[in-house]
């Protein structure tokens with residue numbers, strides 16, 4: 058019995074030593090993998106920043122919002138008024154132009170001919186002058202082409218906007234200064250783009266979620282050695298006066 062007990066103790070000791078060796082090996086491998094992860098993340102961060110620099114440190118995107126229900130109702134009212142007038146040339150002009158949109162989004166092939174732009178790396182928006190009654194004269198309306206780094210049509214979604222802005226939020230996580238702001242006249246869709254609604258978040262909500270997700274990942278990988286602090290400032294510029302809203 059003593060011999061069998063001794064053998065069993067030796068067997069357990071051997072298994073214990075093997076387990077300790079495996080744990081030490083795992084710890085060493087884990088440290089090596091973490092080191093490689095940090096190195097690869099540094100390379101990714103550098104390449105990501107270079108890509109954004111090549112795209113331009115200052116970029117301008119334009120978003121054309123869909124027609125609002127109130128605008129559709131107004132259009133219907135104008136069309137009804139036109140249909141109630143005698144069938145003249147003026148009425149035909151009204152009927153043909155009331156439903157048209159002033160915006161077109163030319164393809165690259167359309168921009169390489171006579172209507173070529175100076176910079177073909179830009180995305181184009183073509184704006185048509187609104188219809189005006191010229192008293193029977195031929196319709197001569199001006200067209201303008203504008204180039205932007207990105208163009209979003211009424212068919213684009215909040216997700217499409219986020220996919221264009223998300224690399225900038227990643228740059229913030231990587232330690233670079235980033236500024237994103239919406240500019241436009243009242244009713245152009247700035248608030249919806251930045252804030253969204255209950256079912257479709259805007260840029261602010263998606264950006265904050267990504268920042269907190271990155272905070273959790275950084276703290277988890279550091280095993281408690283690093284703590285990430287996030288702070289918020291909310292300012293308003295009105296009539297050239299800066300107001301702290303917090």
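Numbering (the numbering used here), first residue to last: 58 to 303. Idealized CB from N, CA, C, for every residue including glycine. Note that this is a predicted model, so its numbers are computed, not measured.
Neighbourhood of residue i by C-beta distance below 7 angstroms, restricted to the same chain and skipping five residues each side
i           : result
residue 264 : 226
residue 109 : 224, 228
residue 259 : 215, 249, 250, 251, 252, 253
residue 102 : 231
residue 300 : 292, 293
residue 276 : 283, 284, 285
Buried versus exposed, by CB contacts within 10 Å (16 or more), residue i
i           : result
residue 120 : buried
residue 218 : buried
residue 296 : exposed
residue 180 : buried
residue 60  : exposed
residue 208 : buried
DSSP beta-bridge partners of residue i
i           : result
residue 298 : 295
Element boundaries [alpha helix (DSSP H), containing residue i]
i           : result
residue 85  : 59 to 112
residue 224 : 215 to 230
residue 269 : 260 to 278
Delimiting residues of the beta strand (DSSP E) encompassing residue i
i           : result
residue 204 : 200 to 205
residue 177 : Residue 177 -> no beta strand (DSSP E), and no H or E assigned at all.
residue 119 : 118 to 120
Same chain, Cβ closer than 6 angstroms to residue i, neighbours up to 5 away in sequence not counted
i           : result
residue 117 : 205, 206
Assumed close pair residue i, residue j - CB separation to whole angstroms, cut-off 8 angstroms
i           : j           : result
residue 187 : residue 123 : Going by Cβ atoms, the distance from residue 187 to residue 123 rounds to 18 angstroms, so no, they are not a contact pair.
residue 203 : residue 235 : Wrong, their Cβ atoms sit about 24 angstroms apart, outside the cutoff.
residue 184 : residue 162 : The Cβ separation is near 11 angstroms, so there is no contact.
Contact set for residue i: own chain, Cβ-Cβ below 8 angstroms, skip 5 residues either direction
i           : result
residue 241 : 247
residue 278 : 91, 94
Any chain C beta carbon closer than 8 angstroms to residue i
i           : result
residue 253 : The chain inventory of the structure shown lacks chain C, comprising one protein chain alone.
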